[in-house]
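Its first residue numbered 51, the sequence shown is counted upward by one per residue in the working numbering.
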Amino acid sequence: MIKKALHTKPFGVIAHRGGGLEAPENTIKGIKHAIRIKADIVEVDIRSTKDGELILLHDSDFDRVAGIAKEAKELEFSYIKENILIEDSEPVATLVEALEVARGKIAMFLEIKEPEICQKVVELVQEQQMQQNVCIISFYEEVMSEVKRLDSTIATGLVYSYPPGKIPEAKQLGCALVLPHYRIATAKANKFAHHIHLKVGVWTVNEEDLALAMYERGADFVASDYPKMLLKLRKKLQEGGIIEKEKIEFLIEEVDDILLRKVILGKDHYLIERDPRKDNTYHTIKENYNNNFYIFDEYKEEKQTNEVVMVQKIKRSKVDEILKKFG
51 MIKKALHTKP FGVIAHRGGG LEAPENTIKG IKHAIRIKAD IVEVDIRSTK
101 DGELILLHDS DFDRVAGIAK EAKELEFSYI KENILIEDSE PVATLVEALE
151 VARGKIAMFL EIKEPEICQK VVELVQEQQM QQNVCIISFY EEVMSEVKRL
201 DSTIATGLVY SYPPGKIPEA KQLGCALVLP HYRIATAKAN KFAHHIHLKV
251 GVWTVNEEDL ALAMYERGAD FVASDYPKML LKLRKKLQEG GIIEKEKIEF
301 LIEEVDDILL RKVILGKDHY LIERDPRKDN TYHTIKENYN NNFYIFDEYK
351 EEKQTNEVVM VQKIKRSKVD EILKKFG
């Protein structure tokens, strides 16, 4: 299941912490939400209690999610179970519960937050026979090597957030993927990762325009607190609702004393727009070319007639806006 999820096109959708802003983070309810919306992967964070129970928790303490400034490693699970609710509604989930809910329904990223629990996590995954359903990820390189030592069949992914990144290290550690923060997931870095047969996942992407940029840079999957947003974006890409950045031809024309630019995207795809130097005479012309009108979010500075230029993504939703305003 995890291998299939890592090869989803045009990109895989990761419900970050179970979709932490669409459902209570790191909870069974969050995992069920990710399953219900058909995310490809659900990511959860793993820590240990004082008595060794593996639980889902991002921070070292419960202050942010439950208003209790006590660390998990200071508390026994029985106390946690009886006294702590995530966002005042959801019980603290165990890793066992999470694996059972996800089994056969969704692939999982298990982020190990404490290196010392690595062996227990691997043993639990083995007991649940979930080796092919999960990928163990972590910021800690020692976790990557330890997982492979314990069970080479479990996929691993190295997480990092600062340049120059850790692509060579991830390859040396036997990882299947790298998970850079989106700010350092450049097209060049992603290309290098792909060249040495590593998948690339980026985090945490909560805006559509940023998700488009990550896709354009070559990210294989994207983690978000709003997985439904990513799923809608992917559907638009699959249906051709967004045209990727590409080389296009454009011409300068003059109509009614207004300089216009005609952008040729294909046989029936075009845009007629004002010359950017003519801010006072902004005018949009509607012509009948199978109603395929597009408006670009941005375009590069003015070029000469017939030159090839680069433009950013195009959204069909912009078409209705522009025609309504100037039609």
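C-beta atoms are modelled at their ideal positions from N, C-alpha and C, and glycine is treated no differently. Bear in mind that the values here come from a model prediction, so they are computed numbers and not experimental data.
Residue closest to residue i, alpha-carbon to alpha-carbon, out of the options
i	options	result
residue 201	179, 64, 219 and 218	179
residue 282	175, 268 and 256	256
residue 220	190, 237, 123 and 233	190
residue 209	192, 76 and 278	192
residue 206	216, 213 and 223	223
residue 150	249, 287, 77 and 65	77
residue 83	96, 152 and 116	152
residue 106	136, 51 and 225	136
residue 74	114, 88 and 110	114
residue 99	91, 80, 213 and 166	166
residue 203	230, 279, 228 and 172	172
residue 66	89, 53, 52 and 93	93
residue 273	253, 215, 288 and 262	253
residue 384	259, 103, 55 and 54	The first residue shown for the chain is 51 and the last is 377, placing residue 384 beyond what the model contains.
residue 138	116, 123 and 147	116
residue 249	229, 132 and 80	229
residue 215	244, 235, 121 and 72	235
residue 148	259, 225, 121 and 174	174
residue 263	237, 111 and 81	237
residue 243	110, 268 and 231	268
residue 259	270, 241 and 279	279
residue 246	86, 176, 226 and 119	226
residue 217	251, 198, 199 and 197	251
residue 79	194, 111 and 142	142
residue 95	69, 88 and 195	69
residue 110	145, 162, 87 and 146	162
Paired residues, beta bridge with residue i - DSSP
i	result
residue 201	Answer is none; residue 201 lacks a bridge partner.
residue 111	121
residue 94	160
residue 185	159 and 205
residue 131	According to DSSP, which records beta bridges pairwise, residue 131 is partnered with nothing at all.
residue 271	62 and 251
residue 210	230
residue 136	140
For residue i, the three-state DSSP class (helix, strand or coil)
i	result
residue 141	strand
residue 227	strand
residue 265	helix
residue 246	coil
residue 153	coil
residue 75	coil
residue 240	helix
residue 116	helix
residue 235	coil
residue 194	helix
residue 55	helix
residue 222	helix
residue 100	coil
residue 257	coil
residue 126	coil
residue 147	helix
Boundaries (first-last residue) of the alpha helix (DSSP H) holding residue i
i	result
residue 61	Here residue 61 belongs to no alpha helix (DSSP H), and DSSP marks it neither H nor E.
residue 68	Residue 68 -> no alpha helix (DSSP H), and no H or E assigned at all.
residue 89	No alpha helix (DSSP H) holds residue 89; DSSP gives it neither H nor E.
residue 51	Run containing residue 51: none; DSSP gives neither H nor E here.
residue 216	It is not in any alpha helix (DSSP H) - residue 216 carries neither H nor E in the DSSP assignment.
residue 288	277 to 288
residue 177	168 to 177
Extent of the continuous beta strand (DSSP E) to which residue i belongs
i	result
residue 104	104 to 106
C-beta neighbour in chain D for residue i, strict 8 angstroms
i	result
residue 176	The chain labelled as chain D is not found in the depicted structure, where only one protein chain is given.
Point to revise | Validate contact between the stretch 157 to 164 and the stretch 185 to 198 using beta carbons, cut 8 angstroms, 3 pairs | key: yes
Review point. Contact between the stretch 58 to 70 and the stretch 125 to 132: three or more CB pairs below 8 angstroms?
Key: no
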